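Residue numbers (the working numbering): 768 to 894. The structure appears below as C-alpha coordinates.
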(Lines of atoms letter the chains of each structure in order from A and count residues from 1; the text may use other names and numbers.)
(Lines give C-alpha, C1' and ligand atoms only; values in the text may rest on other atoms or scores of the structure.)
Protein backbone atom coordinates (compact mmCIF):
# COMPACT_ATOMS: atom_id res chain seq x y z
CA UNK A 1 0.00 0.00 0.00
CA UNK A 2 1.54 3.32 -1.06
CA UNK A 3 2.19 5.98 1.50
CA UNK A 4 -0.21 9.00 1.40
CA UNK A 5 -0.03 12.24 3.23
CA UNK A 6 -2.98 12.80 5.54
CA UNK A 7 -3.24 16.44 4.39
CA UNK A 8 -4.24 15.54 0.79
CA UNK A 9 -7.42 13.66 1.68
CA UNK A 10 -9.86 16.55 1.32
CA UNK A 11 -7.95 18.68 -1.21
CA UNK A 12 -10.23 17.87 -4.14
CA UNK A 13 -13.36 18.57 -2.12
CA UNK A 14 -11.89 21.84 -0.91
CA UNK A 15 -10.93 22.93 -4.44
CA UNK A 16 -14.41 22.05 -5.67
CA UNK A 17 -15.99 24.02 -2.83
CA UNK A 18 -13.87 27.04 -3.73
CA UNK A 19 -14.66 26.88 -7.46
CA UNK A 20 -18.38 26.04 -7.20
CA UNK A 21 -19.58 29.60 -6.44
CA UNK A 22 -17.58 30.99 -9.37
CA UNK A 23 -18.97 28.34 -11.71
CA UNK A 24 -22.52 29.01 -10.50
CA UNK A 25 -22.18 32.76 -11.13
CA UNK A 26 -20.94 32.03 -14.65
CA UNK A 27 -23.83 29.62 -15.27
CA UNK A 28 -26.44 32.07 -13.94
CA UNK A 29 -24.88 34.83 -16.07
CA UNK A 30 -25.21 32.68 -19.19
CA UNK A 31 -28.86 31.93 -18.41
CA UNK A 32 -29.62 35.61 -17.66
CA UNK A 33 -27.97 36.73 -20.90
CA UNK A 34 -29.89 34.18 -22.96
CA UNK A 35 -33.23 35.27 -21.43
CA UNK A 36 -32.48 38.96 -22.06
CA UNK A 37 -31.39 38.15 -25.62
CA UNK A 38 -34.63 36.24 -26.22
CA UNK A 39 -36.72 39.14 -24.87
CA UNK A 40 -34.81 41.63 -27.06
CA UNK A 41 -35.38 39.48 -30.14
CA UNK A 42 -39.08 39.22 -29.28
CA UNK A 43 -39.35 43.01 -28.93
CA UNK A 44 -37.59 43.64 -32.24
CA UNK A 45 -39.86 41.20 -34.06
CA UNK A 46 -42.96 42.65 -32.39
CA UNK A 47 -41.93 46.18 -33.42
CA UNK A 48 -41.47 44.96 -36.98
CA UNK A 49 -44.96 43.44 -36.97
CA UNK A 50 -46.40 46.69 -35.60
CA UNK A 51 -44.64 48.76 -38.26
CA UNK A 52 -45.85 46.37 -40.96
CA UNK A 53 -49.41 46.58 -39.68
CA UNK A 54 -49.27 50.39 -39.57
CA UNK A 55 -47.81 50.56 -43.08
CA UNK A 56 -50.55 48.36 -44.51
CA UNK A 57 -53.64 49.40 -42.52
CA UNK A 58 -52.86 52.99 -41.44
CA UNK A 59 -54.44 52.17 -38.06
CA UNK A 60 -52.39 52.77 -34.86
CA UNK A 61 -54.75 50.58 -32.80
CA UNK A 62 -54.22 47.69 -35.21
CA UNK A 63 -50.48 48.24 -35.00
CA UNK A 64 -50.61 48.06 -31.20
CA UNK A 65 -52.66 44.86 -31.39
CA UNK A 66 -50.13 43.38 -33.81
CA UNK A 67 -47.31 44.23 -31.39
CA UNK A 68 -49.12 42.64 -28.45
CA UNK A 69 -50.06 39.55 -30.46
CA UNK A 70 -46.47 39.10 -31.59
CA UNK A 71 -45.01 39.55 -28.08
CA UNK A 72 -47.49 37.34 -26.25
CA UNK A 73 -44.76 35.38 -24.43
CA UNK A 74 -43.35 38.37 -22.51
CA UNK A 75 -44.11 38.41 -18.82
CA UNK A 76 -45.41 40.89 -17.74
CA UNK A 77 -47.31 41.55 -20.95
CA UNK A 78 -46.87 44.73 -22.97
CA UNK A 79 -49.19 47.67 -22.31
CA UNK A 80 -50.28 50.44 -24.69
CA UNK A 81 -48.11 52.90 -22.74
CA UNK A 82 -45.00 50.93 -23.73
CA UNK A 83 -45.81 51.01 -27.46
CA UNK A 84 -45.32 54.15 -29.55
CA UNK A 85 -46.65 54.29 -33.10
CA UNK A 86 -45.73 57.33 -35.17
CA UNK A 87 -47.01 59.09 -37.12
CA UNK A 88 -50.63 58.55 -36.15
CA UNK A 89 -51.67 58.84 -39.81
CA UNK A 90 -49.41 57.17 -42.33
CA UNK A 91 -49.38 58.83 -45.77
CA UNK A 92 -48.22 56.95 -48.85
CA UNK A 93 -44.45 57.11 -49.17
CA UNK A 94 -43.80 58.28 -45.61
CA UNK A 95 -42.25 56.10 -42.96
CA UNK A 96 -44.20 54.59 -40.08
CA UNK A 97 -42.24 53.75 -36.95
CA UNK A 98 -43.09 51.49 -34.03
CA UNK A 99 -41.06 51.72 -30.83
CA UNK A 100 -41.42 49.49 -27.77
CA UNK A 101 -39.80 50.25 -24.41
CA UNK A 102 -39.94 47.30 -22.02
CA UNK A 103 -38.57 47.03 -18.49
CA UNK A 104 -37.10 43.54 -18.23
CA UNK A 105 -36.74 42.21 -14.69
CA UNK A 106 -33.79 39.90 -14.26
CA UNK A 107 -34.36 36.42 -12.89
CA UNK A 108 -31.93 36.57 -9.97
CA UNK A 109 -31.30 40.23 -9.33
CA UNK A 110 -27.57 39.53 -9.08
CA UNK A 111 -26.83 41.86 -11.97
CA UNK A 112 -29.16 44.69 -11.00
CA UNK A 113 -32.91 45.13 -10.66
CA UNK A 114 -33.67 45.20 -14.37
CA UNK A 115 -32.84 46.74 -17.70
CA UNK A 116 -34.83 48.67 -20.26
CA UNK A 117 -35.01 46.96 -23.63
CA UNK A 118 -36.07 48.80 -26.78
CA UNK A 119 -37.45 47.35 -29.98
CA UNK A 120 -37.78 49.67 -32.96
CA UNK A 121 -38.81 49.17 -36.56
CA UNK A 122 -39.79 51.39 -39.48
CA UNK A 123 -41.54 50.65 -42.78
CA UNK A 124 -42.66 52.73 -45.71
CA UNK A 125 -46.40 53.41 -45.67
CA UNK A 126 -48.73 52.57 -48.47
CA UNK A 127 -47.97 48.89 -48.73
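The beta carbon of each residue, even a glycine, is placed where N, CA and C say it ideally should be. Computed from a predicted structure; not experimentally measured.
If you compare alpha carbons, which of the options is closest to residue i?
| i | options | result |
| --- | --- | --- |
| residue 845 | 863, 836, 821 | 836 |
| residue 799 | 864, 878, 886 | 878 |
| residue 820 | 869, 872, 854 | 854 |
Checking 9 Å against the spacing of the C-beta atoms, do residue i and residue j come in under that value?
| i | j | result |
| --- | --- | --- |
| residue 866 | residue 881 | no |
| residue 838 | residue 875 | no |
| residue 864 | residue 851 | yes |
| residue 735 | residue 814 | With the chain represented from 768 up to 894, any question about residue 735 goes unanswered, as that position is not in the structure. |
| residue 890 | residue 862 | yes |
| residue 873 | residue 803 | yes |
Take the Cβ of residue i as the centre, count every other Cβ of all protein chains shown within 10 Å, and call the residue buried at 16 or more, exposed below.
| i | result |
| --- | --- |
| residue 817 | buried |
Go through its chain and collect everything with a Cβ distance to residue i's Cβ below 8 Å, but skip five positions before and after it.
| i | result |
| --- | --- |
| residue 858 | 892, 893 |
Considering only residues of the same chain and omitting the five flanking positions on each side of residue i, which have a CB-CB separation below 7 Å?
| i | result |
| --- | --- |
| residue 870 | 881, 883 |
| residue 795 | 875, 877 |
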